[in-house]
Amino acid sequence: MTVWVVGVSSICLPPASARPLLKIGFVPTPDHRQKRPVLSAKNIPWFATASRRKRWLVGVSGGADSVALLHLLVEAGFANLVICHLDHGLRGRASTGDARFVERLAAQLGLTCESAKADVKARMKQKGESMETAARNERHRFFAKFALKHRCPRILLAHHADDQAETVLWNLLRGSHGLKGMRARQELVTESGVTLELHRPLLGMRRMDLVTWLESSRLKWREDASNAAPVAVRNRLRNTAFPLLAEISGRDAALAFARGAADAEDTESIETWALEQAKVLDPQGRLHLPAMRTLPVALQRIALRNFLRDHGITSIDRDLIERCLTLLDTSNPAAVNLPGNARLRRREGRLSIERPI
Numbered sequence: 018m019t020v021w022v023v024g025v026s027s028i029c030l031p032p033a034s035a036r037p038l039l040k041i042g043f044v045p046t047p048d049h050r051q052k053r054p055v056l057s058a059k060n061i062p063w064f065a066t067a068s069r070r071k072r073w074l075v076g077v078s079g080g081a082d083s084v085a086l087l088h089l090l091v092e093a094g095f096a097n098l099v100i101c102h103l104d105h106g107l108r109g110r111a112s113t114g115d116a117r118f119v120e121r122l123a124a125q126l127g128l129t130c131e132s133a134k135a136d137v138k139a140r141m142k143q144k145g146e147s148m149e150t151a152a153r154n155e156r157h158r159f160f161a162k163f164a165l166k167h168r169c170p171r172i173l174l175a176h177h178a179d180d181q182a183e184t185v186l187w188n189l190l191r192g193s194h195g196l197k198g199m200r201a202r203q204e205l206v207t208e209s210g211v212t213l214e215l216h217r218p219l220l221g222m223r224r225m226d227l228v229t230w231l232e233s234s235r236l237k238w239r240e241d242a243s244n245a246a247p248v249a250v251r252n253r254l255r256n257t258a259f260p261l262l263a264e265i266s267g268r269d270a271a272l273a274f275a276r277g278a279a280d281a282e283d284t285e286s287i288e289t290w291a292l293e294q295a296k297v298l299d300p301q302g303r304l305h306l307p308a309m310r311t312l313p314v315a316l317q318r319i320a321l322r323n324f325l326r327d328h329g330i331t332s333i334d335r336d337l338i339e340r341c342l343t344l345l346d347t348s349n350p351a352a353v354n355l356p357g358n359a360r361l362r363r364r365e366g367r368l369s370i371e372r373p374i
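What follows is the structure, encoded as structure tokens:
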């Protein structure tokens, strides 16, 4: 996952000979010295079932993760691809270099490239959002625009197992989501009401394997120097927390967190099935309060959390869910304020999200 903070970028061309790689949160032990499998689309389950005939939008920042995903898609025979690149306006000339790199890559591969520039800092001031949240929402707005243009709701993202581990640890520290991380497939309703279908084929892959594959294939990518700087929270988790946890446990800490998220996704599938049986959503996608009130409180919390997340609400913690639960009682106020200047409102036996125009 790219962390969008000010930094310097440069094109990475691997050397002729392989160099040692730092594995995030990794301490060498006998268990980790086994030979790792060669990266190939054949080794990634998503590629076995995904349609090559359909059109796919691919988020490409220019970094190693998204460049690897793009080349894997091309290698696997996906021809109807639209490359999507958003300049967040946070890194000056480096951002311009990223955009040019992605546009050249698209031309080399004979693919359509859609690019745009966002003003994340302006959104932060206007909405009171953190940099990460503002950047994410701008990306969703960007994807929604081109999903409509190309009549394609399917978005491919290059999040990998190390990103998943960071997400899980950060959620735990915030008291949010438990061991749940990013989903391999997620439907998301954007601020403008456009439903996107997010796919993350690389969630089971380690970043070091992606970089090794790019190096061995002599493929170029852009390196964001800010990823090594101890500034953003995710950078500190990546560069400080996981190595320390690995040292303490003698295990690959990032891999342990990523596996925990995979187990949690199995549990979430059961929860989703239970909520579908209860018919908690009406035909318009609103939460149906009569159905909600028949559920145990634990499932009510899960239904609310999923509903907020699927509508792009971030920073969902236990306190927020408890406040949202009060809406089930009609004697309480009919609205709860949400992050991002949104509101969850009770009206005519339904809960829906309102955003300022």
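Heads up: the sequence shown is residues 18 to 374, going by our numbering.
Heads up, the beta-carbon is just placed ideally off N, CA and C, and yes, glycines get one too.
query	result
Reduced DSSP category for residue 131 - H, G, I as helix; E, B as strand; rest coil	strand
Nearest to residue 323 (by Cα), restricted to the options 146, 290, 343	290
Alpha carbon of residue 210 to alpha carbon of residue 158, nearest angstrom	10 Å
CB-CB length for residue 175 against residue 269, believed under 8 Å	With 8 Å as the limit, residue 175 and residue 269 do not qualify as a contact, their Cβ atoms being about 21 Å apart.
Whole runs of the alpha helix (DSSP H) within the segment 70-134, excluding any shorter than 4 residues	81-92, 110-126
Close beta carbons around residue 230, own chain, < 7 Å, minus the five adjacent residues each side	56, 85
Whole-number beta carbon distance between residue 251 and residue 339, since they are thought to touch under 8 Å	Rounded, the Cβ-Cβ distance is 27 Å, inconsistent with contact.
Paired residues, beta bridge with residue 387 - DSSP	What is shown of the chain runs 18 to 374, which leaves residue 387 out entirely.
Validate contact between the segment 113-128 and the segment 148-156 using beta carbons, cut 8 Å, 3 pairs	no
4 or more residues per run - each alpha helix (DSSP H) lying fully within the segment 248-290	250-253, 259-266
Whole-angstrom distance between residue 64 and residue 74, CA atom to CA atom	15 Å
Neighbour-count burial assignment, residue 181, 16 or more Cβ in a 10 Å radius	buried
For residue 221 and residue 99, the rounded distance between their alpha carbons	24 Å
Best match in 329, 286, 235, 89 for proximity to residue 316 [C-alpha to C-alpha]	286
Assigned exposure category for residue 205 - 16 Cβ within 10 Å defines buried	buried
DSSP state of residue 361 mapped onto helix, strand, coil	strand
Outcome for residue 145 when other beta-carbon atoms lying within 10 angstroms are tallied against a minimum of 16	exposed
Residue range of the unbroken alpha helix (DSSP H) whose run includes residue 335	335-342
Spatial distance of residue 62 from residue 223 (CA atoms)	15 Å
Distance, residue 129 Cα to residue 238 Cα	18 Å
Simplified DSSP assignment, three categories, for residue 354	strand
Alpha-carbon to alpha-carbon, residue 161 and residue 203	14 Å
Backbone CA spacing between residue 138 and residue 108 [nearest angstrom]	11 Å
Three-state secondary structure assigned by DSSP to residue 206	strand
Inter-residue Cα distance where the pair is residue 164 and residue 198	25 Å
Proximity to residue 172 [Cα-Cα], best of 87, 364, 359, 148	87
Secondary structure of residue 367, DSSP reduced to three states	strand
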